[in-house]
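Protein chains: 2
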Amino acid sequence: MQIIVNSIQKGTDEFASELNEYRKMSAKFASIKDEIFFNASIAKAQTIDRASALRAYDEVYMPRLKGYNIALDERGEELDSMEFAKILDGKNLVSFFIGGAYGLSDDFKDKCDKIISLTKLTLAHKIAKLMLFEQIFRALCINANHPYHK
Amino acid sequence: MQIIVNSIQKGTDEFASELNEYRKMSAKFASIKDEIFFNASIAKAQTIDRASALRAYDEVYMPRLKGYNIALDERGEELDSMEFAKILDGKNLVSFFIGGAYGLSDDFKDKCDKIISLTKLTLAHKIAKLMLFEQIFRALCINANHPYHK
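Right, dumping it as structure tokens:
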């Protein structure tokens, strides 16, 4: 199984070593790729307005839609860890999309198979990503009937 | 304003430097204390059963109830960041209680003023605590009408 986590993100991960640890622990169940995107066009668009920013994200993300596509969005469906695990179960390729500072366009979200929210709280990007990596590892353990080890 | 975050937790914080950073950034609005509890009686009780563990947590936590008391519990009320901020607004002393491996006793939760859940997902303790510290800082910024800076 392959899981791709796509982020619109300037600079490297602040929790790089933690993310890497979850990725390594997950490796016996799935290969997880952490794909980070940022470019001059996104930087410029974000200084213009929301609509421009969302269009710039789309340009990067649209070609990245592959396998079962899951958008993270604060107005998405809230799941518990068992329900989250069920979504990953039996899939060969799952792509997650974390939005930029302005989220994700409605157009892009419409093209995804599922839109989920990790919490009702507004989260710092770095914490959302950390939560997602932990939940992916937890889900893989649940689906493999394997005890969860920190 | 004073905020006390109480945790049943063996060992030091895995995200100590991040927690400390949020605490420092929060310092202009509130003093935040990170109080960690673990003892031989909790360690032993956790090897017996859930009820014993919850009783051992109660022994430590009951005397810590002070000010406006907020229990974190996965079946608690889910709030967005604005609602969370409203709870802290105007309080002099707020105590948060993060449960141990078995959560918190019903008895203890009944004594709290509010029971909240950060997410429907099952979370690693270290991530729950990181989320809480970030939300506290975010809430303090909201209440002070101050822009949120990472």
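Which chain is which? The protein sequence lines are X and U, in order. Going letter by letter, the first sequence gives residues 1187 to 1336 in the working numbering. Going letter by letter, the second sequence gives residues 1187 to 1336 in the working numbering. Cβ atoms here follow ideal geometry from the backbone N, Cα and C, with glycine treated the same way.
Less than 9 Å between CB atoms is the rule here; does residue i satisfy it with respect to chain X?
| i | result |
| --- | --- |
| U/Met1317 | yes |
| U/Arg1324 | yes |
| U/Ser1267 | yes |
| U/Ile1313 | yes |
| U/Gln1195 | no |
| U/Phe1270 | yes |
| U/Gln1321 | yes |
Return no unless some Cβ of chain U is closer than 9 Å to the Cβ of residue i.
| i | result |
| --- | --- |
| X/Ser1212 | no |
| X/Lys1306 | yes |
| X/Glu1264 | yes |
| X/Leu1309 | yes |
Tell me where the alpha helix (DSSP H) around residue i begins and ends.
| i | result |
| --- | --- |
| U/Leu1205 | 1202–1212 |
| U/Met1238 | For the record, residue 1238 of chain U in the displayed sequence is Ser; it is not Met. That run of the alpha helix (DSSP H) goes 1236–1247. |
Per DSSP, which one or two residues make a beta bridge with residue i?
| i | result |
| --- | --- |
| X/Glu1263 | X/Ile1302 |
| X/Phe1223 | X/Ile1194 |
| U/Leu1258 | U/Ile1284, U/Ile1302 |
| X/Ile1218 | X/Ile1189 |
Whole angstroms are fine: how far does the CA of residue j sit from the CA of residue i?
| i | j | result |
| --- | --- | --- |
| X/Lys1219 | X/Ala1314 | 16 Å |
| X/Ala1237 | U/Ala1229 | 54 Å |
| X/Asn1331 | X/Tyr1208 | 17 Å |
| X/Gly1276 | X/Met1268 | 14 Å |
| U/Leu1290 | U/Ile1194 | 10 Å |
| X/Leu1240 | X/Ile1234 | 11 Å |
| U/Leu1258 | U/Asp1293 | 14 Å |
| X/Ile1328 | X/Tyr1334 | 8 Å |
| U/Arg1324 | U/Ser1227 | 36 Å |
| X/Ser1217 | X/Ala1202 | 17 Å |
| U/Glu1263 | U/Asp1244 | 21 Å |
| U/Tyr1288 | U/Ala1213 | 32 Å |
| U/Ser1303 | X/Leu1274 | 24 Å |
| U/Leu1265 | U/Thr1305 | 9 Å |
| U/Leu1326 | U/Lys1210 | 12 Å |
| X/Ile1256 | U/Pro1249 | 45 Å |
| U/Val1246 | X/Val1246 | 52 Å |
| X/Leu1316 | U/Asn1225 | 29 Å |
| X/Leu1205 | U/Phe1283 | 27 Å |
| U/Lys1295 | X/Lys1252 | 45 Å |
| U/Phe1270 | U/Ile1189 | 14 Å |
| X/Lys1336 | U/Leu1309 | Note that X/Lys1336 has pLDDT 47, beneath the 50 cutoff, so the model's placement of it is unreliable and no number is given. |
| X/Tyr1254 | U/Lys1272 | 38 Å |
In the DSSP assignment, find the unbroken beta strand (DSSP E) run with residue i in it and report its ends.
| i | result |
| --- | --- |
| U/Asn1343 | Here chain U has residues from 1187 to 1336 only, and residue 1343 of chain U is not among them. |
Ordered list of alpha helix (DSSP H) runs contained in the region 1278–1327 of chain U, each at least 4 residues: List check, alpha helix (DSSP H) in window: 1292–1297.
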